[in-house]
Amino acid sequence: MCGIIGYVGKQAAGPIVLEGLQRLNYRGYDSSGLAVLDHDGALAVMKRAGKLAELEASLTTPPAGRTGIGHTRWATHGAVSDGNAHPHLSSDGAAIVVHNGIVENYRALRERLAAAGVECRSETDSEVIPQLIGLYLREGHDFDEAFRRVLGEIEGGNAVVAMERRRPERLYAARLGNAGGIVLGVGGDEMFVASDVPALLPHTTLVQPLANGQWARIGAAETTIRDLDGAEVALAPQRVSMDPVAVAKGPYTHFMQKEIMEQPRALSDCIRGRAHVNPAGVSLEDVRLSDDQLRSLRRVLIVGMGTSMHAGMVGRYYMESLAGLPTDCDNASEFRYRAPLLGPETLVVAVTQSGETVDTLGAMAQVRDHWGAPRVAITNVEESEATRLAAGSAIYLRCGPEIGVASTKTFMASMAALYVLACRIGAARGHLRGATLERAIDALLTAPGIVDRTLAQAEICREVGRVCQDVEHMLYLGRGLQYPLAMEGALKCKEISYIHAEGYPAGEMKHGPIALIDRSMPVVALAPRDPLYDKMWSNIQQVQARDATVIAVGTEGDAELEAAADVFIPIPACDPLIAPFATAIPAQLIAYYLATARGADVDQPRHLAKTVTVE
Ligand code: G6P
């Protein structure tokens, strides 16, 4: 979850590292720091608690040197303070380290260090890494050996980037487990390393992620990658297609706003070439499962976390109705520690926009290692660990980088990817054929236009944000396909506006939450015209009878609902399967405008991070 950037080459490292930190700022932002090493071994280390601006303000002159590393922190062990910010150094300054993940055995390692006369200066687990490297260097090992030994000793998921004071012309990097990625970026006569691709894009699109268990010695002229047994791995970087311009905010105030507004395009890009009407069908070349394999499936299990899990909950309906298969959707952090019974007849679909969420990767590894069930990853990041764990069977979302911490466009695209996958399975199994298949594809192709038209309701959502900005609680209700959307609306509300919100299946509301309802509790009711509309209508009556303010999201032209509700947000008439794409827009925009009305930091909400790589 922390952001990491490193540079080695002929340019001044300080500005490159600082600019990389700005791009990584969405990963963690409670403190930041950098270290720059000059060719004569002079070392400058700067670190500050607080937003990156604090570090920038403290840098009156950029430090000299052509090798540097930087870090944005999301605290796990130790308070948010200057001293706990990265980089961390060995006591003698010989090893300089930035780290992402958790060194699970850090207490034991600290004791070992103390027994050797080394006292850690910070409260972090991370500091044991440079201190141990320093110890091995003092015992006479070279940096390669010291680094490799420490990688073998630290437990848990960890990503590490290090510099050696005595050899300023190179960097070290390693990925152990699923604590987040390490990507090498190959320039002309310079090398970059970062925790994810967007930080590298202004400099290079030629990248190579380190696989789990790989480490690299990175020099401008020569880079060596090895696994932990010492076997060399070829440096074979791939071109990534991400557009650096897409990482900029453009005319928008926030990345989240930009990403909400670009959802029609994100959806079209995700669907393009995959869903076609003539002949009706879907093409998913990247899903390497044959028709025979798809026909032998008896069940689907979708796993994910946060917003991706909510997309998975929508996907469950798609799998049931379009693929005709019993489907469950599970929270990956719960699933991975249960003992579910799976086999080759269960398809496991992992939804993770980053492809790096530790619990989702843990669930996939569990499935691979214990049950050998077929797996598909739905992700926005090519070459991510999720893709590897799915043995290359992936559906890329093609959304471009998503910078807003609260996911929006990747949620839309994940629902679309699940829809396409359900059609693919349904067609292979004969559940969808002829006119039914055509209708299903046709419906999906309307989604980008429907989302576009729903975005025109932004002003009403802004007004809801203005009027409701001082409430303490919100309730979101939905049924069927709208239940996950109610969960997603409430999550967005909590994430960025800090208003407590609950998302509930409307039928369940009577079994508890209704006790909370009074005039001060706005209820967002997602009630498009679908087969559950009449039931939803009754639930709206029930909350109105208890004085709640009802903000109804319904189908345009629904005069009855418009008259009954305090606020009515229309969505275009559409196939009920497509309605989640439309209702997602008010769900996102209400949260966005609540947050902006309250002056909250939309793109960097407190305590959150874009990619969660710790348990
Ligand atoms: C974090 C982000 C959410 C995201 C979730 C899952 O909590 O803040 O926006 O939905 O992680 O991330 P993934 O990358 O697996 O989709």
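Heads up: the sequence shown begins at 578 in my numbering, then just goes up one per residue.
Don't be surprised by glycine CBs; every beta carbon is placed ideally from N, CA and C.
Residue side-chain check: Q1181 keeps its Cβ at 7 Å or more from all non-hydrogen atoms of ligand 1.
Looking from the CA of L924, the closest CA among V935, T904, N908, R1030 belongs to T904.
C-alpha of V594 to C-alpha of F832: approximately 22 Å in a straight line. S867 and A1104 have their C-alpha atoms roughly 39 Å apart. Closest in alpha carbon position to R913, among T884, L878, M989, L899, is L878.
Proximity of the beta carbon of T1132 to ligand 1 is not indicated: no heavy atom of the ligand is located closer than 7 Å. Taking 7 Å as the cut-off, the C-beta of M882 counts as close to a heavy atom of ligand 1. A Cβ-Cβ separation of about 6 Å places R747 in contact with V585 under the 8 Å criterion. Scanning the region 768–807 from its first residue to its last, the whole beta strand (DSSP E) runs of 3-plus residues come out as 768–771, 783–786, 791–796, 800–804. DSSP places Q1181 outside both helix and strand once states are collapsed to three, so it counts as coil.
In chain order, S860 place their CB closer than 7 Å to the CB of G850, counting only its own chain and leaving out the 5 sequence neighbours on each side. By a beta-carbon distance limit of 8 Å, V763 does not contact A750. Their separation comes to about 13 Å. Of the candidates I1027, L777, T781, the residue whose Cα lies closest to the Cα of E1133 is I1027. In this structure G932 is in contact with E962, their Cβ atoms being roughly 6 Å apart against a cut-off of 8 Å. Judged by DSSP in its simplified three-state form, M1051 adopts strand.
The region 1087–1104 and the region 1014–1021 do not touch, with fewer than three beta-carbon pairs separated by less than 8 Å. The beta-carbon separation of N677 and M578, rounded to 7 Å, stays under the 8 Å limit for a contact.
Rounded to the nearest angstrom, the gap between the Cα atoms of K1187 and V784 is 21 Å. For T1023, the CB stays at least 7 Å from every heavy atom of ligand 1.
Relative to ligand 1, the beta carbon of S1074 is positioned no closer than 7 Å to any heavy atom.
Under the DSSP assignment, H831 falls outside any alpha helix (DSSP H); it carries neither an H nor an E label. Look at V1100: its beta carbon is at least 7 Å from all of the heavy atoms in ligand 1. Annotated three-state conformation of D1107 is coil, per DSSP.
Under the three-state reduction of DSSP output, G920 falls in the coil class, being neither helix nor strand. Around P1157, the same chain offers V891, M992, L1058, Q1059, P1061, L1062 as residues with beta carbons nearer than 8 Å, after the five sequence neighbours per side are excluded. Look at S910: its beta carbon is at least 7 Å from all of the heavy atoms in ligand 1.
Taking each of S984, A888, C697 in turn and checking the Cα distance to C1070, the smallest one comes out for S984.
Short of 8 Å from the beta carbon of E1072, and not among the five residues preceding or following it, lie these beta carbons of its own chain, in chain order: V982, A983, A1168, P1182, L1185.
Taking C-beta separations shorter than 7 Å and ignoring five residues to either side along the sequence, the partners of Y1075 in its chain run A1177, following chain order. For H887, the enclosing alpha helix (DSSP H) stretches over residues 883–895. With a 10 Å radius around the Cβ and a threshold of 16 neighbouring Cβ atoms, R725 comes out buried. As the crow flies, the alpha-carbon of N855 is around 25 Å from that of P1149. K1187 carries a coil assignment under DSSP once its states are collapsed to helix, strand and coil. Per DSSP, the unbroken beta strand (DSSP E) holding I1128 starts and ends at 1126–1132. Between the alpha carbons of V810 and A612 lies a gap of roughly 28 Å. Here the alpha carbon of P951 sits roughly 39 Å from the alpha carbon of A723.
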